[in-house]
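Residue numbering for the sequence shown follows my numbering, starting at 1 and increasing by one per position.
For every residue, glycine included, the Cβ atom is placed at its ideal position computed from N, Cα and C.
Everything numeric in this text was worked out from a predicted model, so none of it was measured.
Notes follow the structure.
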Amino acid sequence: MFATDTLTLANRLHVTMSGRYNRTTIDNTDRIRPIAGTGSLTGRHSFSGFNPAVGAAYRATGVLSFYGGFTQGSRAPTAIELGCADPNSPCRLPNAMAGDPPLEQVVARTFEAGVRGTAEGNLRWSAGWFRGVNREDILFVASEQTGFGYFKNFERTRRQGVELSANWRFGRVTLGGGYTFLDATFQSEEEVNGSGNSTNEEARDGIPGTEGVIEIEPGNRIPLVPRHMVKAFTEIQVTPRLVVDFDAAGITSSFARGNENNLHQPDGRYYLGEGSSPGYVVANLGARFDVHPRVQLFVQVNNLFNRQYTTAAQLGATGFTATGSFIARPFPAIGGEFPVQQSAFFAPGAPRGAWGGLRIRF
Numbered sequence: 001m002f003a004t005d006t007l008t009l010a011n012r013l014h015v016t017m018s019g020r021y022n023r024t025t026i027d028n029t030d031r032i033r034p035i036a037g038t039g040s041l042t043g044r045h046s047f048s049g050f051n052p053a054v055g056a057a058y059r060a061t062g063v064l065s066f067y068g069g070f071t072q073g074s075r076a077p078t079a080i081e082l083g084c085a086d087p088n089s090p091c092r093l094p095n096a097m098a099g100d101p102p103l104e105q106v107v108a109r110t111f112e113a114g115v116r117g118t119a120e121g122n123l124r125w126s127a128g129w130f131r132g133v134n135r136e137d138i139l140f141v142a143s144e145q146t147g148f149g150y151f152k153n154f155e156r157t158r159r160q161g162v163e164l165s166a167n168w169r170f171g172r173v174t175l176g177g178g179y180t181f182l183d184a185t186f187q188s189e190e191e192v193n194g195s196g197n198s199t200n201e202e203a204r205d206g207i208p209g210t211e212g213v214i215e216i217e218p219g220n221r222i223p224l225v226p227r228h229m230v231k232a233f234t235e236i237q238v239t240p241r242l243v244v245d246f247d248a249a250g251i252t253s254s255f256a257r258g259n260e261n262n263l264h265q266p267d268g269r270y271y272l273g274e275g276s277s278p279g280y281v282v283a284n285l286g287a288r289f290d291v292h293p294r295v296q297l298f299v300q301v302n303n304l305f306n307r308q309y310t311t312a313a314q315l316g317a318t319g320f321t322a323t324g325s326f327i328a329r330p331f332p333a334i335g336g337e338f339p340v341q342q343s344a345f346f347a348p349g350a351p352r353g354a355w356g357g358l359r360i361r362f
């Protein structure tokens, strides 16, 4: 259920209030172990909550306005998360299923404020600040049973930053761009699997390359989230019917999954690869031609210069050497345990892709 209303409190001040009530039911049935209990997936879970929001916009002058607001959102745990949430029956992988105890739903509260403006009728710009805190976030944590883990409610994570954008039109050309600074951090302590991390507890105890855990501290950056993002675009009205556009995006590096403590350093022997994925820049080119007011031809080329880049990274074990040979136990035993070579695995970005088509509007 959802309701919203906008009130005009003064000639230039508008306030919007809204509320949403959600109720979600997740019903899991285990056909192998139908009776609920340790190791069974059978369980019925209901999650409900009311999420309010309020925002205000004030037009100070004809070309300058201010805005601010607060929103709350929530999500219920997924069936996969519920199916691996029992510390007494942990899973080897985050997508395995082994138990079905309750989890709390995630609640996110976000504050934002900013200013928007226009100049000379052709320049539009905005600057904003945001701060969002997730409570009861869901994280795959390490179990006391080596090599296993389970989903658990994590006390608090935070995402905050600033967003800047502007676009300017002169004649047949429009230029624009934007910048986002995003500081995404853990705000609570936790213990997670760190087998591929050079600073896990076993490596610190002199047994590198073996399974171990790492400690998350408040302030550690969340993996897979870049801190800086820059975008720029230009659009050219070549003729009344033909438009060509070009855009580029620059993304800075982000920490790899498995490097939640942000401390991993490769040693070239037991641990290979950096603990982060490098930044990248990708450019795209497109064009569209109006054959008729309701018929348009278009063409699009993504990754125009066919750059090779990676979008994410994860630390983990590998049995392959640099030459492609497989060696199950490349190192002698240390204290009765055989170390395994750990490496960084990268998710490749899409190569150049081109396509075209016809759009018909009715």
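Assuming residue i contacts residue j under a Cβ cut-off of 8 Å, what Cβ separation, rounded to an integer in Å, is found between them?
i, j, result
"D205", "Y150", "Incorrect: roughly 24 Å between the Cβ atoms, too far for contact."
"V54", "G69", "6 Å"
"I222", "T157", "6 Å"
"P218", "E191", "Actually they are not in contact, since the Cβ atoms of P218 and E191 sit about 14 Å apart, beyond 8 Å."
"H264", "S198", "5 Å"
"A127", "V115", "6 Å"
"P90", "F148", "4 Å"
"L358", "L272", "Not a contact, Cβ separation roughly 49 Å."
Tell me whether residue i sits in a helix, a strand or coil according to DSSP, three-state version.
i, result
"I80", "helix"
"A203", "helix"
"L285", "strand"
"P348", "strand"
"L139", "strand"
"Y270", "coil"
"E189", "coil"
"R172", "coil"
"Q72", "strand"
"I35", "coil"
"Q341", "coil"
"S126", "strand"
"L103", "coil"
"T321", "coil"
"G279", "coil"
"A53", "strand"
"N197", "coil"
"Y179", "strand"
"L304", "coil"
"G335", "coil"
"L41", "coil"
"T8", "strand"
"R294", "coil"
Can you list, in chain order, the residues of its chain whose CB lies under 6 Å from that of residue i, leaving out five sequence neighbours each side?
i, result
"A354", "V301"
"A184", "R159, I222, V225"
"R109", "Q72, V133"
"W125", "G117, A166"
"F2", "R20"
"T8", "H14"
"V230", "Y179, G250"
"L285", "F246, V301, L304"
Taking the alpha carbon of residue i as the reference point, which residue from the options has its own alpha carbon closest?
i, options, result
"T42", "R31, M17, N51", "R31"
"Q237", "P34, A287, E190", "A287"
"F338", "A203, R294, C91", "A203"
"T25", "L9, I35, H14, S48", "S48"
"E112", "G161, G19, R75", "G161"
"T210", "H292, N88, C91, I334", "I334"
"I138", "G194, R172, T78, S165", "T78"
"E163", "Y179, N153, E155", "Y179"
"V107", "Q308, N22, A232, E201", "N22"
"D245", "Y270, I35, F289, G273", "F289"
"T4", "V15, A10, N193", "V15"
"H292", "T323, G176, A313, R241", "R241"
"V243", "V173, T29, F154, S65", "V173"
"V446", "G356, G212, A283, A248", "Since the first residue of the chain shown is 1 and the last is 362, residue 446 is not available in this structure."
"N88", "P332, G268, G39", "G39"
"A344", "F170, A57, N11, S254", "S254"
"S143", "R131, F130, T6, G194", "G194"
"G177", "L285, D247, A60", "D247"
"A313", "A328, G275, T321", "G275"
"G250", "F233, A256, I35", "F233"
"R33", "F50, Y58, G83", "G83"
Give me, in chain order, the residues of the same chain whose beta-carbon lies closer than 7 Å to that of residue i; leave out the 5 immediate sequence neighbours on both sides.
i, result
"G196", "G258, L315, G316, A317, Q342"
"H228", "F181, T252"
"A119", "V63"
"P351", "N303, N306"
"R361", "R294"
"A216", "Per the sequence shown, the amino acid found at residue 216 is Ile instead of Ala. Cβ within range, chain order: F186, E189, E190, V192, E260, N261."
"E384", "For residue 384 there is no data in the structure shown, the boundaries of the chain being 1 and 362."
"P332", "none"
"W129", "E112, A113, G114, V162"
What does a CB cutoff of less than 8 Å around residue i pick up in its chain, not counting 5 residues either side in sequence?
i, result
"T310", "S277, P278, Y280, F346, A347, P348, G349"
"G356", "L297, F298, V299, Q300"
"R44", "T25, I26, D27, N28"
Say yes only if the C-beta of residue i is nearer than 8 Å to one or more non-hydrogen atoms of the ligand ATP, and no if none qualify.
i, result
"Y309", "The model on display carries no ligand, and the ligand ATP is accordingly not part of it."
Self-check item: Entirely enclosed beta strand (DSSP E) segments - the region 213-270, minimum 3 residues
Solution: You should have 213-216, 228-237, 242-251.
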